[in-house]
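Residues in the sequence shown are numbered consecutively from 775, following my numbering.
From the three backbone atoms N, C-alpha and C, an ideal C-beta is built for every residue, glycine too.
So the structure is just underneath, and the comments pick up after that.
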Amino acid sequence: MDFKASLALIAPEILLSLSSLALLLVAAWGRNSSRLVSILAAVALGGAAFVAAPALCAGAMGPDTMAFGGQFAADAFASFSTILIYVAAIACLMVAPTFFDRNGAMRPEYPVLVLLATLGMGIMVSATDFITLYIGLELNSLAAYVLASFMRADDRSAEAGLKYFVLGALASGILLYGISLVYGFTGTTSFEGARAALTGELSMGALFGLIFVLAGLAFKISAVPFHMWTPDVYEGAPTPVTTFFSTAPKVAAIALTARVALDAFGAQVDAWRQIVIFAALASIILGALGAIGQGNLKRLLAYSSINNVGFILIGLAAATASGASAMLVYLAIYVAMSLGSFVAVLMLRTAEGEQLEGVADIAGLSRTRPLLALCLAAMMFSLAGIPPLFGFWGKFVVFQAAVQADLVALAAIGIAASVIGAFYYIKIVKVMYFDEPVDVVKGGSDWAHWLILGATTLFVSPLGYLLTGPLGELADRAAAALFFVA
775 MDFKASLALI
785 APEILLSLSS
795 LALLLVAAWG
805 RNSSRLVSIL
815 AAVALGGAAF
825 VAAPALCAGA
835 MGPDTMAFGG
845 QFAADAFASF
855 STILIYVAAI
865 ACLMVAPTFF
875 DRNGAMRPEY
885 PVLVLLATLG
895 MGIMVSATDF
905 ITLYIGLELN
915 SLAAYVLASF
925 MRADDRSAEA
935 GLKYFVLGAL
945 ASGILLYGIS
955 LVYGFTGTTS
965 FEGARAALTG
975 ELSMGALFGL
985 IFVLAGLAFK
995 ISAVPFHMWT
1005 PDVYEGAPTP
1015 VTTFFSTAPK
1025 VAAIALTARV
1035 ALDAFGAQVD
1045 AWRQIVIFAA
1055 LASIILGALG
1065 AIGQGNLKRL
1075 LAYSSINNVG
1085 FILIGLAAAT
1095 ASGASAMLVY
1105 LAIYVAMSLG
1115 SFVAVLMLRT
1125 AEGEQLEGVA
1135 DIAGLSRTRP
1145 LLALCLAAMM
1155 FSLAGIPPLF
1165 GFWGKFVVFQ
1175 AAVQADLVAL
1185 AAIGIAASVI
1195 GAFYYIKIVK
1205 VMYFDEPVDV
1215 VKGGSDWAHW
1225 LILGATTLFV
1235 SPLGYLLTGP
1245 LGELADRAAA
1255 ALFFVA
């Protein structure tokens, strides 16, 4: 494929690159341009999603989707993931200005950093070479470290940024070491070449390379035992940043992990399946147990994200097209649930505008802010996977894929462990509806907050089942593209 055709395939990434550079100049020279830059960044993300959509609608796959000599794949799988990332990023940009304005911390660099992080995520999910993978991962990570510590005057934010940076650097080192081992034992950095070289019996060195690569990626998806950073960073980072971390980067890291496992290491499923099964079960159980004793809503939702990653990894463990499709369906539903939950937390503030994060602060919320309590309760029940809410469907398709792949024991343990998670979700509902009201949530809410919360609540409600057909069909196309490349 010639250079011009390759450029056409990376049109969304080029659009985001040029937009971020242009907006950086606007941020540098324009006074009080934060709102304008945020709006333009959201428009750029919407444009990138529009450009990426045809590949998903057409189910693009195969050699025609490969750019720059097989280093980048603009296929349906990448398109599904990037559209989900862009939509989540737009929502996060919409809810951020009100929070930062109240704290006097809104600056035009914020949406530019979100754009750059999103650009890195787009490269991550399209990577078909370990070098491309690392470039996208680091572009995303470097912007994320700055976002975590964006409120420089807040000690918690600075601490979150430092912890994220130090542990992220360690994870990057582990990943790079694994990539170097894989390259040493295969002689190539391309996923296709690694897959061809890793057939038959796996050597000890290549096995260590596989393990180190998966360990580095496990940090990015917050899978046990590489989850330690998640509660501290989620709690310390500004709430709009935490909302962003729990959605878009999660999609990118999980999609990247799936592509590496099913493409680069697709010939050695038995070698990595046991690692994924362990990480899945450990994440489900430890995520649920860790959340039970939490008194801070952001920390509780951090453990919830660890728990949900475990369920998503069950789909990966199946190592089938239906398993990959189930992962993508679960991801789409999880993004909506996570967005709604964190936006509800953003709306918890006092009359003076102080942000509230404690579980005790929402006691009796159903009597003081009934609509807000109803939306948050819907998110909690959906996260718990309680029918008829849409979160149940995500868990159902993942467990169904595991059973079809003869992983019945894994599905059974996952179903049993999900009961533990239901406890702390229902505990939040109990506090809102049955405890005596403390009546501290007084602050008004921005229209963008209600728009995002309302849209996500409708999505996770029983009305969401109307989308099972279209969503499942798009996920099937994306999964088919992944396995075609593989």
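Can you give me the C-alpha to C-alpha distance between G804 and N877, rounded to a whole angstrom? Mapped onto the sequence shown, residue 804 falls at position 30. Mapped onto the sequence shown, residue 877 falls at position 103. Using only the alpha carbons, I get a separation of about 21 Å.
Quick one: what's D903 bridged to in DSSP? Here residue 903 refers to the residue found at position 129 of the sequence shown. According to DSSP, D903 bridges with S964.
Beta-carbon contacts of S1079 that lie in its chain and below 8 Å, excluding the five residues immediately before and after: Looking up residue 1079 in the sequence shown gives position 305. Contacts found: S996, T1004, Y1008, S1020, K1024, G1061 and S1112.
What do you reckon, are the CB atoms on P1236 and P1144 nearer than 8 Å? The residue labelled residue 1236 in the question sits at position 462 within the sequence shown. The residue labelled residue 1144 in the question sits at position 370 within the sequence shown. Contact: no.
State the start and end residues of the unbroken alpha helix (DSSP H) segment that holds Y1198. Working through the sequence shown from its first residue, we reach residue 1198 at position 424. Here the alpha helix (DSSP H) through Y1198 covers V1182 to F1208.
Hey, is the region 1127 to 1139 in contact with the region 1202 to 1216, meaning 3+ C-beta pairs nearer than 8 Å? Contact between the region 1127 to 1139 and the region 1202 to 1216 is present, because at least three Cβ pairs lie under 8 Å.
One or two residues paired with R1123 in a DSSP bridge: Residue mapping note: residue 1123 aligns to position 349 of the sequence shown, counting from 1. R1123 is bridged to Q1129.
Nearest to L1071 by CA position, among A1022, G1084, T1017 and I1028, is which residue? Stepping through the sequence shown from its first residue, residue 1071 is reached at position 297. Selected option, being the one with the closest Cα: T1017.
Buried or exposed: I1051, going by 16 or more other Cβ atoms within 10 Å of its Cβ? Against the sequence shown, residue 1051 aligns to sequence position 277. The residue in question, I1051, is buried, as its Cβ has 16 or more Cβ neighbours within 10 Å.
Y860, enclosing alpha helix (DSSP H) - first and last residue: Position 86 of the sequence shown holds residue 860. A850 to R876 is the extent of the alpha helix (DSSP H) around Y860.
Could you check which residue in G979, I1059, I953 and T960 has the C-alpha nearest to that of H1001? As a first step, residue 1001 is located in the sequence shown; it is residue number 227 there, counting from the start. Measuring from the Cα of H1001, the nearest candidate turns out to be I1059.
Distance between beta carbons of G1097 and T1231, contact taken as under 8 Å: As a first step, residue 1231 must be located in the sequence shown, where it is residue number 457. As a first step, residue 1097 must be located in the sequence shown, where it is residue number 323. Actually they are not in contact, since the Cβ atoms of T1231 and G1097 sit about 29 Å apart, beyond 8 Å.
State the Cα-Cα distance for the pair L1146 and L921, rounded to the nearest angstrom. Walking along the sequence shown from the start, residue 1146 turns up at place 372. Walking along the sequence shown from the start, residue 921 turns up at place 147. Taking the straight line joining both Cα atoms gives about 27 Å.
Mind the definition here: the region 965 to 973 touches the region 892 to 900 only if three or more C-beta pairs lie below 8 Å; say whether that holds. In short, these stretches do not touch, since the Cβ pair count stays below three.
Collapsed DSSP secondary structure at F1000 in the structure displayed: Numbered from its first residue, the sequence shown carries residue 1000 at position 226. The answer is coil: DSSP assigns F1000 none of H, G, I, E or B.
Which parts of the region 988 to 1066 are runs of the beta strand (DSSP E), unbroken and 3 residues or longer, counting only runs that do not cross its ends? The qualifying runs do not exist here; there are none.
Name the DSSP beta bridge partners of A847, please? Within the sequence shown, residue 847 is the residue found at index 73, counting from 1. In the DSSP output, where bridge partners are listed per residue, A847 has M840.
Look at L783 and A870 and say whether their C-beta atoms are less than 8 Å apart. Locating residue 783 in the sequence shown gives position 9, where the first residue counts as 1. Locating residue 870 in the sequence shown gives position 96, where the first residue counts as 1. No, the Cβ-Cβ distance between L783 and A870 is not below 8 Å.
Of the listed residues G910, F1233 and S794, nearest to Q845 (C-alpha basis): Residue mapping note: residue 845 aligns to position 71 of the sequence shown, counting from 1. When each option's Cα is compared against that of Q845, the closest is G910.
What's the call for D838, buried or exposed, on a 16-neighbour Cβ count within 10 Å? For the purposes of this step, residue 838 is taken as residue 64 along the sequence shown, with counting starting at 1. Result: exposed.
Below 8 Å between beta carbons: does that hold for A761 and E883? Look at the range of the chain in this structure, 775 to 1260, and you will see that residue 761 is not part of it.
Taking C-alpha atoms, which residue in Y1239, F1039, F1170 and I1202 lies nearest to L1150? Counting from one through the sequence shown, the residue named residue 1150 turns up at place 376. Checked all of Y1239, F1039, F1170 and I1202; the closest Cα to L1150 is I1202.
How big is the Cα-Cα spacing for A1196 and L867? Counting from one through the sequence shown, the residue named residue 1196 turns up at place 422. Counting from one through the sequence shown, the residue named residue 867 turns up at place 93. Taking the straight line joining both Cα atoms gives about 30 Å.
Compute the Euclidean distance between the alpha carbons of R1251 and L955, then round it to the nearest angstrom. The residue given as residue 1251 occupies position 477 in the sequence shown. The residue given as residue 955 occupies position 181 in the sequence shown. Approximately 33 Å between the Cα atoms of the pair.
N- and C-terminal bounds of the alpha helix (DSSP H) containing V1214: Start at 1 with the first residue of the sequence shown, and residue 1214 comes out as number 440. Taken as a continuous stretch (DSSP letters only), V1214 belongs to no alpha helix (DSSP H), as it is neither H nor E.
Taking the straight line between their C-alpha atoms, what separation do you get for A796 and L1241? Start at 1 with the first residue of the sequence shown, and residue 796 comes out as number 22. Start at 1 with the first residue of the sequence shown, and residue 1241 comes out as number 467. If you draw a straight line from the Cα of A796 to the Cα of L1241, it comes to about 37 Å.
Close Cβ partners of L1213 (< 6 Å) along its chain, the five nearest in sequence each way excluded: Against the sequence shown, residue 1213 aligns to sequence position 439. Per the sequence shown, the amino acid found at residue 1213 is Asp instead of Leu. Cβ-Cβ distances below 6 Å link D1213 to T1142 in the same chain, with the five nearest sequence neighbours on each side left out; the list follows chain order.
If we call anything under 8 Å between Cβ atoms a contact, is V1172 one with Y1104? Indexing the sequence shown from 1 puts residue 1172 at position 398. Indexing the sequence shown from 1 puts residue 1104 at position 330. The answer is yes: Cβ separation under 8 Å.
What separation, rounded to the nearest whole angstrom, lies between the Cα atoms of R926 and V1015? By one-based count along the sequence shown, residue 926 stands at place 152. By one-based count along the sequence shown, residue 1015 stands at place 241. One C-alpha to the other measures close to 13 Å.
I need the straight-line Cα distance from L1063 to I1194, nearest angstrom please. As a first step, residue 1063 is located in the sequence shown; it is residue number 289 there, counting from the start. As a first step, residue 1194 is located in the sequence shown; it is residue number 420 there, counting from the start. C-alpha separation (whole angstroms): 7 Å.
Below 8 Å on the Cβ atoms is my guess for A1011 versus S931; work out the distance and round it to an integer in Å. As a position in the sequence shown, residue 1011 is number 237, starting the count at 1. As a position in the sequence shown, residue 931 is number 157, starting the count at 1. Contact holds; Cβ gap of about 6 Å.
Any contact between the region 1170 to 1188 and the region 1083 to 1103? By contact I mean 3 or more CB pairs, one from each, below 8 Å. Yes: the two stretches touch, three or more of their Cβ pairs being nearer than 8 Å.
Output yes or no for whether 8 Å exceeds the beta carbon distance between A1179 and L1090. Position 405 of the sequence shown, counting from 1, holds the residue named residue 1179. Position 316 of the sequence shown, counting from 1, holds the residue named residue 1090. No; because the gap between Cβ atoms is not below 8 Å, this pair is not in contact.
So T1094 is in the alpha helix (DSSP H); what residue range does that whole segment cover? Counted from its first residue, the sequence shown places residue 1094 at position 320. Neither: T1094 is in no alpha helix (DSSP H) and is coded neither H nor E.
Going straight from the alpha carbon of V841 to that of L781, what length do you get? Along the sequence shown, one-based indexing puts residue 841 at 67. Along the sequence shown, one-based indexing puts residue 781 at 7. Residue 841 is actually Ala in this sequence, not Val. When rounded, the distance between both Cα atoms is 8 Å.
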